[in-house]
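Residue numbers (our numbering), protein chains in the order written: chain W, 1 to 318; chain U, 1001 to 1214. Where a beta carbon is used, it is the ideal one built from N, C-alpha and C, also for glycine. From a predicted model like this one, the values you see are computed outputs, not experimental measurements. Here is the structure we will look at.
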Amino acid sequence: MTKELDSQITPKDTYLNRKEFLKALGIVGTSAAVLAACQNKPFVSGEDLAGGDGTALPSNGAGTDELGDSLTPYDDVISYNNFYEFTTDKQGVARLAKNFQTSPWEVQIGGLVENPGPISMDEIRERYPIEERIYRMRCVEGWSMVIPWQGFPLSALLEDIKPKPAAKYIRFESIYDPQALPGQKNRYFPWPYVEGLRMDEAYHDLTILATGIYGEDLPPQNGAPIRLVVPWKYGFKSIKSIVKIDLVEEMPVSLWMESAPNEYGFYANVNPNVDHPRWSQATERRIGELSRRPTLMFNGYEEEVGYLYEGMDLRENF
Amino acid sequence: MKAWISERISKPWRKNKSTLADILHPLSHIGAAIPFLVAIWDFWQGNLGPNPILEVTHRTGKTAITLLILSLTVTPLRQIINWPQINKLRRPLGLWAAFYAGSHFMIYIGLDYGFQLGAIIANTLTNKFILLGSLAGIILLLLSITSLKFFLKKMGKRWKQLHRLVYVAGILAALHFILAVKPGVLRPWPYAAIMLVLLVYRIPRVQTWVKNTL
Chain W
1 MTKELDSQIT PKDTYLNRKE FLKALGIVGT SAAVLAACQN KPFVSGEDLA GGDGTALPSN
61 GAGTDELGDS LTPYDDVISY NNFYEFTTDK QGVARLAKNF QTSPWEVQIG GLVENPGPIS
121 MDEIRERYPI EERIYRMRCV EGWSMVIPWQ GFPLSALLED IKPKPAAKYI RFESIYDPQA
181 LPGQKNRYFP WPYVEGLRMD EAYHDLTILA TGIYGEDLPP QNGAPIRLVV PWKYGFKSIK
241 SIVKIDLVEE MPVSLWMESA PNEYGFYANV NPNVDHPRWS QATERRIGEL SRRPTLMFNG
301 YEEEVGYLYE GMDLRENF
Chain U
1001 MKAWISERIS KPWRKNKSTL ADILHPLSHI GAAIPFLVAI WDFWQGNLGP NPILEVTHRT
1061 GKTAITLLIL SLTVTPLRQI INWPQINKLR RPLGLWAAFY AGSHFMIYIG LDYGFQLGAI
1121 IANTLTNKFI LLGSLAGIIL LLLSITSLKF FLKKMGKRWK QLHRLVYVAG ILAALHFILA
1181 VKPGVLRPWP YAAIMLVLLV YRIPRVQTWV KNTL
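Here it is in C-alpha cells:
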C-alpha cells in the first residue's frame, strides 16, 4: 500500500553529506530569494534539487517525498518548532530546549492492555527495528515541511502490549515538568499535553512512533526522545516527548480540545475544505518556498487513510 | 498672574524642552525607519529564519502597532508633563505607523498570497482578524492623506473629528493582533494593555481626574 513510503533507509553518512548539501543550498537559496520573489518561485524547488548542473546528488531517491517534493532543510526542521512546553515562539524553542534531559526515559504503558508497565527507551530501541519514513507535516497554522523520520509503526508496540477488546482509543501524554519546560508555567493551558487516536488510526501503517530525524536522534525541540507522527493530521496531533500511553474506552480530550473546543477537534485531519474558525486551510506555505501551495486532502494521504472516515461528516468531526 | 508666574519659572525648562523636541523630531524619523532597513538587510542576508514571509509580516505588524501606541502617547505626555513642543512628534509617528501598516498589508497580499485576488478575498472573509486589520489600515491611510496641511486648513473643525478615528484604529489593531494568535499565546497582551490605558485616558472624565490628581 505504501511502497514508496516504507523502508527508504538511507545510510547515515549519506545523511550527513546531505546535511552539508542542504546547508550549502540554504546559502544559495538566500541569494536566490530576491530573484525568486519576482518570479513567485520557491527558494529551493524540486528541479533545483535534481541538479541541473549535473553534479552528483546525495541519495536522489530519498531526497524527496513520494510526491517529488524536496526535504525541508535540516536546519529549518530543528529551528522552527511548535512546542509550547518551552515557549510559544517557534524560533525560541531550540535554545530553551537545549539542555532538556531525555535520558534516562521511560514510557508508562497502562489502561486496557494485557501487558502494562514501564518500558525504557533502551528497551524500545532494542525491540523495534527503526525504519525511515519521509512524511509531509502540515501545521494547523498554515505552514508545512517534508521530514525524514526514523521510527517504527505504533502497531508494533500495540501488538506487544495487547489492547483488551474494550479499548476503543489510545491516549498519549507528554512529560510534565515546569522546571525543565518553562512554557508549562503558562497556566492558560491544562498541562500536560494530551493527544489521542481511534484504534483503527493507531493501527494504521502510516502512524509511527518516531525517535529520530535525518538519521540522528530527535533533538529535544523536535520531541525527544520519542514522539508520535500521524502525517495525515495537523501537526499538533503528533504529540512530543511521550511519557505515558493508555488504552481507553472513552475518546480522550486533548489539550487543544480542552483549551479551545470550537477551534480544535479530536480528529484534526488535514482538510482544505474545512477552515479553522479564524483562518482558511485551503493553502499552506511549505517552509523554504515563497508562494503558497494548495493543501491536499488528508495532507496527500487520502488514498491510504480515506477509508477510515467513510460516511463521517468531516465538517462535524473536525 | 498665576499663568505668568508659571511661565516665568518654567521658562528655562521650556527652552530645553523645546530643544529636546527639535532633536526628537528628526530622530523619530530615523528611529522609525530603522526596523524597515533592518528587515531589508535581514532579507538580503537570509536572516529572516525558516519562514521569512511570516517573519516580515510579524515584524511590520508589531512595528506598526508600536508606532501607533507611541503616537497616542504624545498627547498624554504633553498634558501630564506640560510639554507642548512634543506635539510635533505626533505626525511623524502616525505617518510611520501607517507606513508599516501599509507594508504589513502589501506583504500579506503580495508576498504571502502573490496578488491572487480570489484567495485573498476568501481568506479575508474567513479570517475575521484580517478584516479588522484591514479596517484599521484603511483608517490609517485616510488619516495619512488628510494629514497634509491642505486638508487641515480646508476641513477646519471636521479635521479633528476625523482624526479621532485613530482611537478606533487603535482598538481594531489590538483586536487584530489578539485574534491572529492561538488562544493562550500572550504576545499581543502587553500591546493591548498599553493601548487600553492610552484610550481610557481619552475619556474626558478620566483626563480631568488625571489633571487634578497630578
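- Remark: C-beta atoms of threonine 211 of chain W and proline 225 of chain W approach each other more closely than 8 Å.
- Relative to proline 1035 of chain U, the option among U/Thr1019, U/Ala1097 and U/Ala1119 whose CA is nearest is U/Ala1097.
- Scanning its chain for C-beta atoms nearer than 7 Å, with the 5 sequence neighbours on each side dropped, one finds around leucine 67 of chain W the residues Gly300, in chain order.
- Within 10 angstroms of the beta-carbon of arginine 171 of chain W lie 16 or more other beta-carbons, which makes it buried.
- The alpha carbon of asparagine 82 of chain W has as its nearest neighbour, out of W/Leu206, W/Pro153 and W/Lys237, the alpha carbon of W/Lys237.
- At least one beta carbon of chain U lies nearer than 8 Å to the beta carbon of asparagine 186 of chain W.
- DSSP places serine 144 of chain W in the uninterrupted beta strand (DSSP E) bounded by 143-153.
- Between the stretch 156-173 of chain W and the stretch 187-199 of chain W, the count of C-beta pairs closer than 8 Å reaches three or more; the two stretches touch.
- The straight-line gap separating the alpha-carbon atoms of valine 274 of chain W and histidine 1176 of chain U is approximately 22 Å.
- Counting C-beta atoms within 10 angstroms of its own C-beta, methionine 145 of chain W has 16 or more neighbours from the protein chains shown and is therefore classed as buried.
- The Cβ neighbour count for lysine 240 of chain W, taken over all protein chains shown within 10 Å, is at least 16; the residue is labelled buried.
- The beta carbon of tyrosine 80 of chain W falls within 8 Å of a beta carbon belonging to chain U, placing the residue at that interface.
- Judged by beta-carbon spacing, glycine 1114 of chain U lies within the 8 Å limit of serine 291 of chain W, meaning their Cβ atoms are closer than that value.
- Residues of the stretch 1182-1199 of chain U that bring their beta carbon within less than 8 Å of a beta carbon in chain W comprise Lys1182, Pro1183, Gly1184, Val1185, Leu1186 and Arg1187, in sequence order.
- Of the candidates U/Trp1041, U/Ile1080 and U/Phe1099, U/Phe1099 places its Cα closest to the Cα of histidine 1029 of chain U.
- In this structure, the straight-line span from the alpha carbon of arginine 125 of chain W to that of serine 1103 of chain U is close to 51 Å.
- The C-alpha of proline 116 of chain W is placed about 8 Å away from the C-alpha of glutamine 108 of chain W.
- Taking a contact to require three or more Cβ pairs closer than 8 Å, the stretch 117-136 of chain W and the stretch 186-193 of chain W do not qualify as touching.
- Using a Cβ distance threshold of 8 Å, isoleucine 213 of chain W and isoleucine 287 of chain W do not count as a contacting pair.
- Proline 1092 of chain U sits in a helix when the DSSP states are folded into three classes.
- Secondary structure of histidine 276 of chain W (DSSP, three-state): strand.
- When secondary structure is reduced to three states using DSSP, threonine 87 of chain W falls in the strand class.
- For the 8 Å CB-CB criterion, leucine 1199 of chain U and leucine 1165 of chain U do not form a contact.
- With 16 or more other Cβ atoms from the protein chains shown falling within 10 Å of its own Cβ, phenylalanine 1105 of chain U counts as buried.
- Around the CB of alanine 166 of chain W, fewer than 16 other CB atoms lie within 10 Å, so the residue is classed as exposed.
- Per DSSP, the beta bridge partners of proline 118 of chain W are W/Gln108.
- Interface with chain U (8 Å Cβ-Cβ cutoff): alanine 166 of chain W is excluded.
- Nearest CB-CB separation between threonine 283 of chain W and chain U: below the 8 Å threshold.
- At a cut-off of 8 Å between beta-carbon atoms, tyrosine 1113 of chain U makes contact with chain W.
- Every beta strand (DSSP E) of 3 residues or more that sits fully in the stretch 150-212 of chain W is shown, in chain order, as 169-174 and 194-198.
- Within the stretch 1067-1127 of chain U, complete alpha helix (DSSP H) segments of at least 4 residues are found at 1090-1106 and 1117-1126, given in chain order.
- Pairing isoleucine 161 of chain W with valine 229 of chain W gives a Cβ-Cβ distance that is not under 8 Å.
- The beta carbons of alanine 1136 of chain U and leucine 1089 of chain U sit about 21 Å from each other, so the pair does not count as a contact at 8 Å.
- Residues of chain U whose Cβ lies closer than 9 Å to the Cβ of alanine 260 of chain W are, in chain order, Lys1182, Pro1183 and Gly1184.
- Between serine 1147 of chain U and arginine 1091 of chain U, the CB-CB gap stays under 8 Å.
- Going by DSSP, leucine 1172 of chain U is part of the alpha helix (DSSP H) stretching over 1165-1180.
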